[in-house]
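Residue 112 in the working numbering is what sits at position 90 of the sequence shown, and the numbering runs on without skipping anything.
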Amino acid sequence: MATIEKINGVLSKIAYWILVIMMAMMSIICFSQVIARGVFHFVPSWMEEACRFLLIWCSFLGAAVTLRKGGHACVTVLVNFFPFQIKRYVAIAVDICMLAFYGVLTYQSVVLVERYIYRVAETMDISMAYVFLAFPVSFGLMVFYSIEEIVRLFVAPEGVLRLQVRIDNVEMLPPAELGKNGKS
């Protein structure tokens with residue numbers, strides 16, 4: 023378990039900093055575009071395309087980073103009616119479904135990248151494969167993060183606490199854990 027957490031922790035930090043850099047680049051380019059339009063009445067055509075490509079990368083990489091941090095919204099109305107142990111297995115089943123979904127998306131996005139490898143962006147003169155590479159990279163990270171979550175829920179006792187955070191319900195904790203969190 024520790025190995026998976028270390029690998030995913032490093033991948034998550036790398037993805038996070040790439041995301042920060044891309045967001046900064048996108049902000050600078052967008053701001054420059056506004057200044058160029060307002061002051062010079064001319065905007066280089068590559069700026070809009072660069073912002074669009076950076077937005078694609080930021081959206082998908084941000085989704086992967088958010089998944090690792092457990093930040094995606096989930097609907098828990100039905101799950102909250104189950105006893106604690108069943109909630110844990112429902113969470114495992116959901117994570118297995120997510121893993122299968124992300125696996126299919128990863129494979130299909132690799133096919134997409136291969137299909138667009140010889141297409142070139144109109145103004146930036148780069149292969150569209152670089153733009154679409156955001157999909158397999160992000161979905162691949164989501165596969166790794168889903169595996170980590172499944173393993174955590176199966177074997178690690180702290181997986182119980184992670185489950186509580188995911189479902190955002192104090193009643194998720196078994197009675198012995200309620201006292202440890204200071205909530206009762």
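Every residue gets a Cβ at the ideal spot worked out from N, C-alpha and C, and that includes glycine.
Taking the Cβ atoms as the reference, residue 176 lies roughly 7 angstroms from residue 114, within the contact range of under 8 angstroms. In the three-state reduction of the DSSP assignment, residue 56 falls in the helix class, which pools H, G and I. In this model, residue 170 and residue 86 are separated by some 13 angstroms (Cα to Cα). Residue burial annotation: residue 129 is exposed, with fewer than 16 other C-beta atoms found within 10 angstroms of its C-beta. In the pairwise beta carbon analysis, the segment 153-170 is classified as touching the segment 122-139: at least three pairs are separated by under 8 angstroms. In the structure shown, residue 142 adopts extended strand secondary structure according to DSSP, grouped into three states. Taking C-beta separations shorter than 7 angstroms and ignoring five residues to either side along the sequence, the partners of residue 118 in its chain run 172, following chain order. Residue 40 sits close to residue 83, with the two beta carbons spaced by under 8 angstroms. If you draw a straight line from the Cα of residue 53 to the Cα of residue 24, it comes to about 43 angstroms.
For residue 91, there is no enclosing alpha helix (DSSP H), as DSSP marks it with neither H nor E. By the neighbour-count criterion, in which a residue is buried when 16 or more other Cβ atoms sit within 10 angstroms of its Cβ, residue 153 is buried. Residue 138 sits close to residue 151, with the two beta carbons spaced by under 8 angstroms.
For residue 148, the closest of 49, 37, 71, 58 by C-alpha to C-alpha distance is 71.
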